[in-house]
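**Q** My structure is below; once you've seen it, I'll send some questions.
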Amino acid sequence: MSQKEIEVILTRQLASYLAMPTFIVDPQGTLVFYNEPAEIILGLRFDETGEMPFSEWATVFTPMDKHGTPLAPAALPLAIALGERRPAHGDFYIRGLDHVFRHIEVTAFPLIGQSDRNLGAVALFWEVNS
Amino acid sequence: MRVTLWGTRGSLGSPGAETARYGGNTSCVEVRGTDDTVLVLDAGTGIRRLGVTLPSSLRRVDVLLTHLHMDHIQGLGFFAPLYDPDVVVHIWGPASTTLNLRSRLMRYLSPPLFPVRLRELPCQLVLHEVPCGELDIGEFHISSMLIGHPGPTVGYRITTARATLAYMPDHEPALGVKQFPLPREWTSGCAVATGADLLIHDAQYSSEEYPSYIGWGHSSLVHALTFARLAEVQQFVPFHHDPAHTDEDLDRLIAEAVAAVPPTFTITPGVEGAIFELGCAEKENGKPLIA
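Note that the protein sequences, when read in sequence, are chains A and B. If you read the first sequence in the working numbering, its first letter stands for residue 1, the second for the next number, and so on. If you read the second sequence in the working numbering, its first letter stands for residue 1001, the second for the next number, and so on.
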């Protein structure tokens, strides 16, 4: 497997120190890293899952609105940040692999390197305690 | 290819009796091809001596800058080919997110820091920004990639049909890594170094010093050796020595690091004046000819 770009490597290293759940995806949407706080939401350790393609991670949480209606994967903030290369924020509900129902807010932003290189996107999660 | 170390010191030129053996000039390495193609890796103070050894018949020289920190460009204004109108000097180096390479170089090559402006140099100057994918210069195939060091910084991988040199004089692959190293895929610089016949790599600090300088962009000797082992290089040259380290300090620190991380490759301390012949059939292949 080829080496990641330095911006992605440094983003992972930052994420590994953050208390906020953080996801990093590559330009193809593959989930290339999530940190320990995100492991709690996912219910799986990164060392166990490794990378996950978009089609897998976008549905594994069962994202839904407050009425329980499933959200289209393309409507998720991370998908918007990746596809449209703009920041996006969302407020929705998920049921992770630990089967816990959570209300979360997500802020996602594209990772753009020097020379306008598209390196993927990052999403930060907050659990809403309401 | 023939690789000559003209400057091995990091951060600041450090002449003196206590640094005479390893040398006091800052980063500069000459790479000479069998077709007499000349590459110059970084323009630290060591470049002045290199410049006066080049043949008068030389018509092209390529200076590959890893980054624009002062110890890597301070010798540029003293590089003789820049003042020869018959020579085409290609300078390769990283732009920043807001300034191109020319603007960045002009900050140094202009008053009050230097009396001669970039545009006043008599040579035929051509600037190129890196990383720019892969390129060929003479017999050399060169790739550059951004690596972990403050500000835009690249490492260079230089390959011929018979040998590969990896050059990363300023590099902190252990930054932020809780258990160094991670797999190659997640380690800065591995794309540059993996499988190289010779790796010239930052080894500025001792393990005791490193915690005081985390994030400054440099490696401890132990981290550098660990990186070299991860990259499975054949030969490793600790480089960019701390200006405060004397010859005796470096002998001791390298010996301690080797004891801590038993190498699976040859280690040759980065001594100014050392020459390495790579990709040759002779018995001396890969060994320093002068030390």
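Note that the Cβ used here is the ideal one computed from N, Cα and C, for glycine as well.
1. At least one CB of chain B closer than 8 Å to the CB of M1/A: is that the case?
2. In three-state terms, what does DSSP make of G1007/B?
3. Does the stretch 1195 to 1202 of chain B come close enough to the stretch 1066 to 1077 of chain B to have 3 or more Cβ pairs within less than 8 Å?
4. I want to verify the contact list: residues of chain B whose CB lies under 9 Å from the CB of L10/A, in sequence order.
5. Considering only heavy atoms of the ligand PLP, does any lie closer than 7 Å to the CB of L1113/B?
6. Can you check the stretch 1053 to 1078 of chain B for any beta strand (DSSP E) of at least 3 residues that lies completely inside it and give the ranges in chain order?
7. By the DSSP assignment, the alpha helix (DSSP H) with F54/A in it spans what residues?
8. Could you give the first and the last residue of the continuous beta strand (DSSP E) run that contains F23/A?
9. Within the chosen definition, does the stretch 1044 to 1060 of chain B reach the stretch 105 to 114 of chain A through at least 3 CB pairs nearer than 8 Å?
10. Any idea what DSSP makes of E39/A, helix, strand or coil?
11. Name the DSSP bridge partner or partners of T1164/B?
12. Determine the contact status of I1147/B and L1039/B, defining contact as a CB-CB distance below 8 Å.
13. Closer than 9 Å, Cβ to Cβ, to anything on chain A: give me those residues from the stretch 1190 to 1214 of chain B, in chain order.
14. Whole angstroms is fine: what's the gap from G1016/B's alpha carbon to G50/A's?
15. Could you give the residue range of the alpha helix (DSSP H) that holds D1249/B?
16. Using a Cβ-Cβ cut-off of less than 9 Å, give me the residues of the stretch 68 to 94 of chain A that come near chain B, in sequence order.
17. In angstroms, rounded to a whole number, what distance separates the CA positions of A1291/B and N1100/B?
18. Can you name, in chain order, every residue of its own chain whose Cβ lies under 6 Å from the Cβ of L1289/B, other than the five neighbours on each side?
19. Extract the residue ranges of the alpha helix (DSSP H) inside the stretch 1182 to 1208 of chain B, only unbroken runs of 4 or more that lie entirely within it.
20. From the DSSP secondary-structure annotation, give me the bridge partner or partners of M64/A.
21. Distance check for E1232/B and T1264/B, CA to CA, integer angstroms please.
22. How would you write the range of the beta strand (DSSP E) that T11/A sits in, first residue to last?
23. Grouping DSSP H, G and I as helix and E and B as strand, with all else coil, what is A88/A?
24. Could you tell me whether the Cβ atoms of G1189/B and G1217/B are closer together than 8 Å?
25. Along the alpha helix (DSSP H) that carries H1223/B, what are the first and last residues, could you check?
26. With a cut-off of 8 Å, does the C-beta of Y34/A fall near any C-beta of chain B?
27. Along chain A, in chain order, which residues have C-beta atoms closer than 7 Å to that of R1184/B?
28. Is the beta carbon of P1238/B less than 8 Å from the beta carbon of I1254/B?
**A** Let me lay it out:
1. The residue you call residue 1/A lines up with position 1 of the first sequence. Yes - at least one Cβ of chain B is within 8 Å of the one on M1/A.
2. The residue you call residue 1007/B lines up with position 7 of the second sequence. Note: G1007/B maps to strand in three-state DSSP.
3. As far as the Cβ criterion goes, the stretch 1195 to 1202 of chain B does not touch the stretch 1066 to 1077 of chain B, which means the pair count is below three.
4. Along the first sequence, read from residue 1 onward, the residue named residue 10/A stands at position 10. Ordered by position in chain B, the residues that pass the 9 Å Cβ test against L10/A are G1148, L1175, G1176, S1188.
5. The ligand PLP is not part of this structure, which contains no ligands at all.
6. DSSP runs (the beta strand (DSSP E)) wholly in the stretch 1053 to 1078 of chain B: 1060 to 1064.
7. Taking the first residue of the first sequence as position 1, residue 54/A is located at position 54. 54 to 60 is the extent of the alpha helix (DSSP H) around F54/A.
8. Stepping through the first sequence from its first residue, residue 23/A is reached at position 23. 22 to 25 is the extent of the beta strand (DSSP E) around F23/A.
9. Segments in contact, no.
10. If you number the first sequence from 1, residue 39/A lands on position 39. Helix at E39/A.
11. One-based indexing of the second sequence puts residue 1164/B at position 164. Paired residues: T1159/B.
12. On the second sequence, position 147 is the one that residue 1147/B refers to. On the second sequence, position 39 is the one that residue 1039/B refers to. Result no, Cβ atoms of I1147/B and L1039/B do not sit closer than 8 Å.
13. So the close ones are C1190, A1191, V1192, T1194.
14. Stepping through the second sequence from its first residue, residue 1016/B is reached at position 16. Stepping through the first sequence from its first residue, residue 50/A is reached at position 50. The alpha-carbon atoms of G1016/B and G50/A are separated by roughly 52 Å.
15. Working through the second sequence from its first residue, we reach residue 1249/B at position 249. First-last of the alpha helix (DSSP H) with D1249/B: 1247 to 1260.
16. Cβ contacts with chain B come from no residue of the stretch 68 to 94 of chain A.
17. Taking the second sequence and counting its residues from 1, one reaches residue 1291/B at position 291. Taking the second sequence and counting its residues from 1, one reaches residue 1100/B at position 100. The predicted position of A1291/B is uncertain, since its pLDDT is 33 and thus under 50; a value taken from the coordinates is nonetheless stated next. About 39 Å.
18. Here residue 1289/B refers to the residue found at position 289 when the second sequence is read from its first residue. Confidence is the limiting factor: at L1289/B the pLDDT is only 47, short of 50, which leaves the residue's position unreliable, though a coordinate-based value still follows. The beta carbon of L1289/B is closer than 6 Å to those of I1275 in its chain, skipping five residues each way along the sequence.
19. The qualifying runs are 1190 to 1193.
20. On the first sequence, residue 64/A is found 64 positions in, with the first residue counted as 1. Looking at the DSSP output, M64/A sits in a beta bridge with P70/A, Y93/A.
21. Along the second sequence, read from residue 1 onward, the residue named residue 1264/B stands at position 264. Along the second sequence, read from residue 1 onward, the residue named residue 1232/B stands at position 232. So the two alpha carbons sit approximately 8 Å from each other.
22. For the purposes of this step, residue 11/A is taken as residue 11 along the first sequence, with counting starting at 1. Run containing T11/A: none in the beta strand (DSSP E); it sits in the alpha helix (DSSP H), 6 to 15.
23. Taking the first sequence and counting its residues from 1, the one referred to as residue 88/A is at position 88. In this structure, DSSP gives A88/A an extended state, which the three-state scheme calls strand.
24. The count along the second sequence starts at 1 and reaches residue 1189/B at position 189. The count along the second sequence starts at 1 and reaches residue 1217/B at position 217. Cβ atoms of G1189/B and G1217/B: not closer than 8 Å.
25. Position 223 of the second sequence holds residue 1223/B. For H1223/B, the uninterrupted alpha helix (DSSP H) run begins and ends at 1221 to 1230, by DSSP.
26. Here residue 34/A is taken as the residue at index 34 of the first sequence, counted from 1. Taking a beta-carbon distance threshold of 8 Å, Y34/A does not count as an interface residue toward chain B.
27. By one-based count along the second sequence, residue 1184/B stands at place 184. Correct list: Q3.
28. Counting from one through the second sequence, the residue named residue 1238/B turns up at place 238. Counting from one through the second sequence, the residue named residue 1254/B turns up at place 254. The answer is yes: Cβ separation under 8 Å.
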